[in-house]
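Numbering (the working numbering), first residue to last: 348 to 624.
Note that the Cβ used here is the ideal one computed from N, Cα and C, for glycine as well.
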Ligand SMILES: [Zn+2]
């Protein structure tokens, strides 16, 4: 978006914000979508929606801040082992949903310590990615009231970092070296689907019925996280019995409303200043 367009947008939009999408998410097409998460399974909150959007003619990009390299109780796994395992699990999950693996970026930070990283550096990297990908919609952990109560530190951090980066990306004088030296342009993300919200903040239930089986297959790739593999990693080649156990376990995580498989979000449209409200 050209700078003049940004200022036009700034004049027009501040009075308006929307808590429902005018076009149902199930009918979105032609949009660029970016998800920012903390760990290489955080897209699981919205894998069905992301797979549906990619299939419906949108382009889905995934950015994960940490390698997930401490998320195990298995004493025999090293941090390097786990980072490699989780990278492969994430790529397999995305492939199962039809999301191109080259749309996946991992920033390489250590799991569990995101809060202690240099915030300006992390935000600058996210702003650069936003200005490169130029998403119409951001998927992120909800930085609203659900994050005000204590919550897993990396998720809490990722919610704020994503919102902070969305806000910074729109100002051409912030991280302006990316504009003057790298040829990027400021960018406003206009729509947000925020996941892991406080239950009473969820206002958008996306029907993922047609993608339930794919979602279960995708989630079943996270063998190191959502199975007995968390205590004793046995993947990725599981016995038939072990594979069934993983599949049964992740199937129980699918939410249903009125008999339909769904994923719940808080939808927001407007300037990023008010994302948290
Ligand atoms: Zn996580």
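For residue i, three-class secondary structure by DSSP
{"i": "residue 432", "result": "helix"}
{"i": "residue 625", "result": "Lying before the first or after the last residue shown, residue 625 is absent from the chain, which here runs from 348 to 624."}
{"i": "residue 370", "result": "coil"}
{"i": "residue 623", "result": "coil"}
{"i": "residue 565", "result": "helix"}
{"i": "residue 461", "result": "helix"}
{"i": "residue 530", "result": "coil"}
{"i": "residue 554", "result": "strand"}
{"i": "residue 469", "result": "helix"}
{"i": "residue 484", "result": "strand"}
{"i": "residue 579", "result": "coil"}
Residue i, enclosing beta strand (DSSP E) - first and last residue
{"i": "residue 407", "result": "406-413"}
{"i": "residue 383", "result": "379-384"}
{"i": "residue 611", "result": "607-616"}
{"i": "residue 455", "result": "451-456"}
{"i": "residue 542", "result": "538-542"}
{"i": "residue 603", "result": "602-604"}
Inter-residue CB distance, residue i and residue j (contact presumed, cutoff 8 Å)
{"i": "residue 411", "j": "residue 539", "result": "That pair is no contact at about 18 Å."}
{"i": "residue 413", "j": "residue 483", "result": "Not quite, the Cβ-Cβ distance comes to about 26 Å (not below 8 Å), so this is no contact."}
{"i": "residue 556", "j": "residue 608", "result": "5 Å"}
{"i": "residue 549", "j": "residue 604", "result": "Their Cβ separation, rounded to whole angstroms, is 10 Å, which puts residue 549 and residue 604 out of contact at 8 Å."}
Cβ of residue i within 8 Å of any chain C Cβ
{"i": "residue 500", "result": "The structure shown contains no chain C, having only a single protein chain."}
Unbroken alpha helix (DSSP H) run spanning residue i, endpoints
{"i": "residue 591", "result": "587-598"}
{"i": "residue 507", "result": "500-516"}
{"i": "residue 397", "result": "394-402"}
Meets three-Cβ-pair contact criterion under 8 Å: the region 484-495 and the region 446-453: no
Just checking, does the region 513-520 make contact with the region 571-589 on the three C-beta pairs under 8 Å criterion? Too few Cβ pairs lie closer than 8 Å, so no.
Kindly confirm or deny that the region 412-427 and the region 452-461 touch, where touching means at least three C-beta pairs closer than 8 Å. yes
Okay, do the region 522-534 and the region 598-605 touch, 3+ Cβ pairs below 8 Å being the bar? no
Tell me, please, whether the region 465-472 touches the region 424-432 by the rule of three or more beta-carbon pairs shorter than 8 Å. no
Could you tell me whether the region 388-396 touches the region 557-565, where touching means 3 or more Cβ pairs closer than 8 Å? yes
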